[in-house]
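Chains as they are written, first to last, in the numbering used here: chain C, 796 to 1027; chain F, 796 to 1027; chain B, 796 to 1027; chain G, 796 to 1027; chain P, 796 to 1027; chain D, 796 to 1027; chain E, 396 to 652; chain H, 396 to 652.
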Amino acid sequence: MEQQFESFRQQLDESVVVREQLRSIVSDLDSAIRLMHAALLPLYHHSSIEAIHKAKGHISEFQRLYTKLGEVLKSCPGEYYRYHDHWRNQTQQVIFLLSFVNWLEFGNLLSHGEVESLLDLQQKEFFVDLEDYLIGLCNMSNELPRYVVNQVTAGIYDCPKRVSLFLSDLYAAFRILNLRNDFLRKRFDGIKYDLKKVEEVLYDVQIRGLLNTSSQLASTVQPSTDELMQLQ
Amino acid sequence: MEQQFESFRQQLDESVVVREQLRSIVSDLDSAIRLMHAALLPLYHHSSIEAIHKAKGHISEFQRLYTKLGEVLKSCPGEYYRYHDHWRNQTQQVIFLLSFVNWLEFGNLLSHGEVESLLDLQQKEFFVDLEDYLIGLCNMSNELPRYVVNQVTAGIYDCPKRVSLFLSDLYAAFRILNLRNDFLRKRFDGIKYDLKKVEEVLYDVQIRGLLNTSSQLASTVQPSTDELMQLQ
Amino acid sequence: MEQQFESFRQQLDESVVVREQLRSIVSDLDSAIRLMHAALLPLYHHSSIEAIHKAKGHISEFQRLYTKLGEVLKSCPGEYYRYHDHWRNQTQQVIFLLSFVNWLEFGNLLSHGEVESLLDLQQKEFFVDLEDYLIGLCNMSNELPRYVVNQVTAGIYDCPKRVSLFLSDLYAAFRILNLRNDFLRKRFDGIKYDLKKVEEVLYDVQIRGLLNTSSQLASTVQPSTDELMQLQ
Amino acid sequence: MEQQFESFRQQLDESVVVREQLRSIVSDLDSAIRLMHAALLPLYHHSSIEAIHKAKGHISEFQRLYTKLGEVLKSCPGEYYRYHDHWRNQTQQVIFLLSFVNWLEFGNLLSHGEVESLLDLQQKEFFVDLEDYLIGLCNMSNELPRYVVNQVTAGIYDCPKRVSLFLSDLYAAFRILNLRNDFLRKRFDGIKYDLKKVEEVLYDVQIRGLLNTSSQLASTVQPSTDELMQLQ
Amino acid sequence: MEQQFESFRQQLDESVVVREQLRSIVSDLDSAIRLMHAALLPLYHHSSIEAIHKAKGHISEFQRLYTKLGEVLKSCPGEYYRYHDHWRNQTQQVIFLLSFVNWLEFGNLLSHGEVESLLDLQQKEFFVDLEDYLIGLCNMSNELPRYVVNQVTAGIYDCPKRVSLFLSDLYAAFRILNLRNDFLRKRFDGIKYDLKKVEEVLYDVQIRGLLNTSSQLASTVQPSTDELMQLQ
Amino acid sequence: MEQQFESFRQQLDESVVVREQLRSIVSDLDSAIRLMHAALLPLYHHSSIEAIHKAKGHISEFQRLYTKLGEVLKSCPGEYYRYHDHWRNQTQQVIFLLSFVNWLEFGNLLSHGEVESLLDLQQKEFFVDLEDYLIGLCNMSNELPRYVVNQVTAGIYDCPKRVSLFLSDLYAAFRILNLRNDFLRKRFDGIKYDLKKVEEVLYDVQIRGLLNTSSQLASTVQPSTDELMQLQ
Amino acid sequence: MAEPAEKKQRAMAPDATLSSQFEKYAAELDATNEKRERLVKASRDATISSKKVIFLIHRINEASKQTLLEQAERDLAYIRSTHISRIARELQGIEYWKLRRAYSPGLQEFVEAATLVEYCKTGKFLTLENLNKTFLEMKDASATPFIINVEDYLLGVGDLTGELMRLAISGVANGQRGVSQFVCSFVQALYEGFSLLFYNVDYGKDMNKKMETMLQNLVKIETTCYSVHVRGSEYPESMIVDSLEQQDIVPGIHTSF
Amino acid sequence: MAEPAEKKQRAMAPDATLSSQFEKYAAELDATNEKRERLVKASRDATISSKKVIFLIHRINEASKQTLLEQAERDLAYIRSTHISRIARELQGIEYWKLRRAYSPGLQEFVEAATLVEYCKTGKFLTLENLNKTFLEMKDASATPFIINVEDYLLGVGDLTGELMRLAISGVANGQRGVSQFVCSFVQALYEGFSLLFYNVDYGKDMNKKMETMLQNLVKIETTCYSVHVRGSEYPESMIVDSLEQQDIVPGIHTSF
Ligand SMILES: [Mn+2]
Ligand SMILES: [Mn+2]
């Protein structure tokens, strides 16, 4: 009996080791997130291209850390959901950052598959849970009203229109999901408020006839394709 | 975007389907557990061999249901721990029943591997989580004091000695595990009380010099190897 | 819209009147229960026949009150379960008292039908809900360990044997029921603990060879048929 | 508005002053309670007479503090119940201590009036609320099982009998009260468990025929009347 | 012991009777409060004078019920605070309603004395506890942001100014009180949020230059003195 | 063992004395804070210079009380953090008041060192904990949206620009800190909401082209250097 | 207790007696439990389908209005004829109240969906009387006509305000600014009705909580109206009406606005 | 506020000033946080190792007693010289109290283990004074001798009663019936000490809860003693002593029993 329990002890201890490793990687992930987030701050006053450029510089760190997560999980195959809580919050923030930056560059939605590519998650040891991806999109939506308000203040008057189109597409897409009354449904309800706020700004801009005054400025913010090429 | 979300909806709906399937199988598992448990009741008054025999008849139902669980999980590889809560309690009770019946027959501990064999879990889609196995053993330990009290009442005086040896081995084995202060540690503390109760019965029997009076009776209860052969 | 709501109000007000009536009857029922319970207290020190006799004197009050409940419900046919919560607890206690007294007299279980006869519930306006009946039996089971302990203390050594047989029959009978994971299930689990406690007392008596010393005393406590005839 | 609130401020400040005074007295009361409680602890291992003697020495401190409480309340007549919460818990513990010590000495129940005399509460500014008195008795009841267990361990075998008689009288007396479904009702239900526990100890002693072995010892613990006279 | 407990029973029963009486009166008070509250609801869409008029019609019912409370308390002098919890919440709501209606009519704060006059509480058996009065004022403050929002929607643009002045006076007045860290303190913190919210509405109105467009409308809502005379 | 515990008690009692002293000083500190806070209230309607002037008059009281705190701590060197909880909240409020007043006067951030100078904390017995300083700054940030809203309502249209620049600098500065998932982190997240609110006000002002209409008014509120000279 | 002798005898073979007794009980309990399970299932199906109708309503825009409303009405009829009639067919006599907890959630959600559809179609409140008229041909197991009781109806209507709140806010989000004001008046009237309804009846925590939620929803709608109003007040009315043209999904807005 | 002019100027480039200021703050916070992390780690190591010592004690039987006690003492010395000295070396001055929360759990567990080992070896209570003597040569970062303060010591001793309870019960379980009575007297004395200690000091929830747990543990030990006593009381004493011979792990039982 002793021998058997000795082996049990080893197994239990191993899962403690896995958790320690995960905790340490996720703590680094936290730092990387903070840094990328900080890199995006200038977006709210001055030039956005530089901010986007700087922010994208942090993606490779994400790749490195998610690769490490994948390696840890390779040692315990099939146990992704056993340890899911360790990286759940951080992954949602990563989705937020990636999809926000992607929207700033290309004006479209970063798909679930593109997220996994960006994070170098082609191996099957690690992937992005679908609910985490969707919650990350809600986080991005919550950021957009503030972005729009600041852009208009800075005289970029075509921004509300673009954001409102994007958000109402996103809102319509979420409605397809038939979400039941849970956490995700509450987060999804928030998109409506974001859309409402953006619509109000759009209304302000429209009714004052400001929309056409800024086409020139706008182009400097939504960076041209050429510029973006260089970023990549 | 719509198309992508249409596929998300399918994925979310699929996990709802998996949960429905699991719930239905686990509900059958509940019934099978209840029946096997009921089959063991006569153990506490009359002949135990018949009870053991009858109880073992239910194991094939367990095999059938765990095979079904395995099949469901085959459709979502790597998600064992995503759905673990669905069968956790039931599995702990199954361990209790199997290890109790095994002890009644052979007087030794059913190992983790033997449990998986008994449940036909050789494939790797499904297995018995180690903590569930250990909690199942605690459940078995909790049942033994009652068993001993009733055996002695029925005049089987060598039973306390056998149980006390088994339980103190089990207790010693659990001490190897270095359990931290969690649920499992509390359950393990319970083994000590079981052992204490059994020791008290043993003491009663010893001090009254009853130990040697029952060797004959005892042999009828701890079934002989021959009888057991027939059971299998 | 006001008119609409006025009609809602009328419908709701009717049920308020019924509830007031029920509350008043059930409050009397509470008193009757308390009195019958108090009448049984001497059971734990001195003569039981007198206590049983006195306790049975309260049954007619139960009949009177249940008849009144039936009359109130006659005014709202089919709505027994709408108001069930009003008398649920009390009925469970009534079952406890009746089945306990019956067991003391006859040593067997008072059936569901017999309870309804005893309470004069032949009409169909009022009846005893089956789950309430079963919970009442659980309450009775919970009382038995204390009763056994006190009887043995008073030197009635055959009591544990009788109670242990009765309780293990009751436990086996409950096992026939397909209890789901609900309140009744939990209460039923309690019977197991009662049985365990009684088995321990039986063990104490058995191991000390006390069982045969008290046959004479016992007969004075389990009242003879003649005595019981006089009670009725 | 300012003027009015200025007067409010004065009123509130006055009640703050009263509360401060009460808090300070009640904090001393707390210390006195803890000391008297600590003085009773040796009861659970060695001689009880000395412990009782030492414990009674703290009663005069209670008198002093309740007199101070009375004086504070004299300054705000009719507001006893406004500030009741300040001393409620403490008074219940005081009742517990006084009635416990009284029972140890004389084996009977300290009446509500006797409590007030012991605390020098003849004036009408301050009194012991009836519910507090009754809850204090429940607290005493809760202590008795532990007392009985330790007395039996110390070889005082007649203790369980005396306590079981006292507790069943107390239980019957509480049954007279028309307790509604409130806090007191719950506490009263606790007496039943205490009684049950003590009856089990009595059972243990009785079934082993220990009761007659200790008449000599017992008399030394339930102090003789002569000794008690000296204590007063 | 029985005799003593019989007398306890009488005392407890008496207080139960008092409580029953209080409960019945307070339940009527609850209905009166709900009716007066409902009468004020039209305030949030159409004409306020009619709503105020209708609401004031319920005050006489309050007087009747507080007189009844006073009579019950006359039978147990000095026990106002023993039963305080029975009417505490309701009285706070009454204060809220009275002070709100008063502010709607006259734009000033209803004093503690005026409340007692309005409720016919000149006798000294019953009074309004000061803390209850203050909490009632907090409740009124909590209602004002909603009122202001609806008034502005209805085109009454001078309302936020008036409310913001009133609330900042009230806030300053509360600051005079020496509130300790208790419930009242928390409620008072709420006034700050109400004020902030009202200031934001005032800001919205001001920044759009709406303040001067509504002087005409406003006069119809803050009813003229003549109209109010007729109401009384 | 008694002797041992007596020595423990002496050690513990010493700290009780220190705590009593601290409690008394901190209670005075509370009053001083309330007074200074009250002095700032007029800021939200009328002239700010006078309010600032009056508020600054309370700083000397802070100095006096912090000196007393320092003296108490001189008696237990190295134990600043043992008693930290006593003054923590109050110090955070003091920081809030000082840094708010400083920002009103000079438009910049009061540094940690400057706070300590202002409170006369050059000795090393007492200092301002860095986290308390930072939380105090968060408190100041939380106050700014309300201030901005009221300033704009009063026609000071350049205020939002100044505050938004200040807050986004503060926000960026806080981002430099490596905040873990603790209380300070949550408070810091609050700054983001404050900034967002201020940005919305700035947006309102900007889109209406109000910014240039108020330069004249603004100068009267942000007091000129000359005026400030006189204040000191 | 009339025949103690017979009982005494029975006590000799208690096992058999007890077993046959409890087998009867087991049969009764099983029958009820199975019925309860079927009701829970039907109720859950009704809930899911009703929720889908509600989602459908939230997906309505000017172009799709006619089609989607017709679709919603067809869906409601389908829920009635399948899930709810399954519920009705299980019940008879006392079971209507005994098993209410099993099927009530589905009915409440159906009430929520049906009143929402009626409101979007006509701008009116679907009364309980009219709702129950749609069940006229539905019979329970004892051929008694099936009805929805007032409690379930009111609980469903309580939830309706949540959906109306979503409608009001997304109306603004989609530029249909009149919707919110129209919905606001309706919800204010509903709230007033509920307030007076329960003035002397304490329906316990459930209803109190629902009233609180209703008030929260109402305040959200009022705040939305406020922000629409304040924002619109800066500009000449003509300009606003312009920007609102033909964007409403709720009929009768222009008249009420 | 003496130099407003200078400040006014600084306000022109607030970014730079703020950044440099906050970089200083960040450095200070980071230093503290890193130190705190290291302390938490050292404390956790001390906890785990101390728990292992406690497990070791519970594994003692007659045969292994001498060896395992020696092993336990070596382990304690090792914990002192590695984990606890790591804690000591991090601290100086006010940090002892500032960072107490980070390292206190480890010290408490160490106190628990050390007092348990002493009790098993000598049957005596390891006093704080004697415990701190073992730290005489350990210095903190400012070369002041390191000590365990009375609060941490008492909290550790509070937990000791839990281990003693386990010892008493498993003593009975293993047939060493005298252990429980001996332990019982000791825990009764401990509880009395704690009672008097806190009679006029309110140490808040923590201590109150610990006192409650202590009482629960004590009652469990008393109940164990009771059942041993009652069970033993039926037989002649000689018979019992016989069955108990040489089974004790705690010294001095025979004299006290
Ligand atoms: Mn809904
Ligand atoms: Mn421990």
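Quick reminder that beta carbons are idealized off the backbone N, C-alpha and C, glycines included.
| request: Assign residue 415 of chain H to one of two classes, buried (16 or more other C-beta atoms within 10 Å of its C-beta) or exposed (fewer than that). | output: exposed
| message | With the cut-off set at 8 Å, would you say residue 821 of chain G and residue 851 of chain G are in Cβ contact? | response | no
| residue 490 of chain E burial status per 10 Å Cβ neighbour count (16 or more: buried) | Buried is the call here.
| task | Take residue 932 of chain B as the anchor and find which of B:914, B:962 and B:815 has the nearest alpha-carbon. | result | B:962
| task | Kindly confirm or deny that the stretch 802-810 of chain B and the stretch 529-540 of chain E touch, where touching means at least three C-beta pairs closer than 8 Å. | result | no
| task | Could you confirm whether any beta carbon from chain P is found closer than 8 Å to the beta carbon of residue 938 of chain G? | result | no
| query | For residue 562 of chain H versus residue 552 of chain H, is the C-beta distance shorter than 8 Å? | reply | Pairing residue 562 of chain H with residue 552 of chain H gives a Cβ-Cβ distance that is not under 8 Å.
| field | Where residue 967 of chain B meets chain F, residues with beta-carbon distance less than 8 Å | value | Residues of chain F passing the Cβ test: 833 and 836.
| Quick one, which of F:977, F:797, F:964 and F:1000 has its alpha-carbon nearest residue 955 of chain F's? | F:1000
| query | Can you name, in chain order, every residue of its own chain whose Cβ lies under 7 Å from the Cβ of residue 846 of chain D, other than the five neighbours on each side? | reply | 834, 835, 837 and 838
| field | DSSP state of residue 534 of chain E mapped onto helix, strand, coil | value | strand
| query | Thinking just about the alpha-carbon of each residue, which of F:824, F:929, F:965 and F:973 is nearest to the one in residue 903 of chain F? | reply | F:965
| said: Does the distance between the C-beta of residue 557 of chain H and the nearest non-hydrogen atom of ligand 3 fall short of 7 Å? | reply: As for ligand 3, it is missing from this structure, which binds only ligand 1 and ligand 2.
| task | Ignore the nearest five residues each way along the sequence and tell me which others in residue 507 of chain H's own chain have a CB closer than 8 Å to its CB. | result | 445, 449, 551, 552, 554, 555 and 558
| query | Does any C-beta atom of chain C lie closer than 8 Å to the C-beta of residue 980 of chain D? | reply | For residue 980 of chain D, no Cβ of chain C is located within less than 8 Å of the residue's own Cβ.
| field | Residue span of the alpha helix (DSSP H) that contains residue 988 of chain F, given as start and end | value | 978-1002
| request: Could you tell me whether the Cβ of residue 625 of chain H comes closer than 8 Å to any Cβ of chain G? | output: yes
| Looking only at DSSP bridge pairs, what is residue 540 of chain E linked to? | E:534
| request: Select from the stretch 540-571 of chain E all residues with a C-beta closer than 8 Å to any C-beta belonging to chain C, and list them in chain order. | output: If the cut-off is 8 Å between Cβ atoms, the stretch 540-571 of chain E has 561, 564, 565, 567, 568, 569 and 570 near chain C.
| Chain-ordered chain H contacts of residue 906 of chain D [CB-CB under 7 Å] | Here the neighbours are 416.
| Name the chain F residues that come within less than 9 Å of residue 804 of chain C, Cβ to Cβ? | By Cβ distance, chain F contributes 971, 972 and 973.
| In whole angstroms, what separates the C-alpha of residue 985 of chain C from that of residue 967 of chain C? | 13 Å
| request: Helix, strand or coil for residue 646 of chain H, going by three-state DSSP, please let me know. | output: The pLDDT assigned to residue 646 of chain H is 39, lower than 50, so where the model puts this residue is not dependable; a value taken from the coordinates is nonetheless given after this. Correct three-state label for residue 646 of chain H: coil.
| task | Report whether the distance from the Cβ of residue 554 of chain H to the nearest heavy atom of ligand 2 is below 7 Å. | result | yes
| request: Could you tell me if residue 960 of chain F is buried or exposed, where buried requires 16 or more neighbouring beta carbons within 10 angstroms of its beta carbon? | output: Exposed, because fewer than 16 other Cβ atoms sit within 10 Å of the Cβ of residue 960 of chain F.
| request: Compare the Cα-Cα distances from residue 943 of chain B to each of G:997, G:872, G:798 and G:936 and report the closest residue. | output: G:997
| task | Using alpha carbons as the reference points, say which of D:995, D:1005 and D:892 lies closest to residue 854 of chain D. | result | D:892
| said: Alpha carbons only, please: which of P:868, P:840 and P:922 is nearest the one belonging to residue 890 of chain P? | reply: P:922
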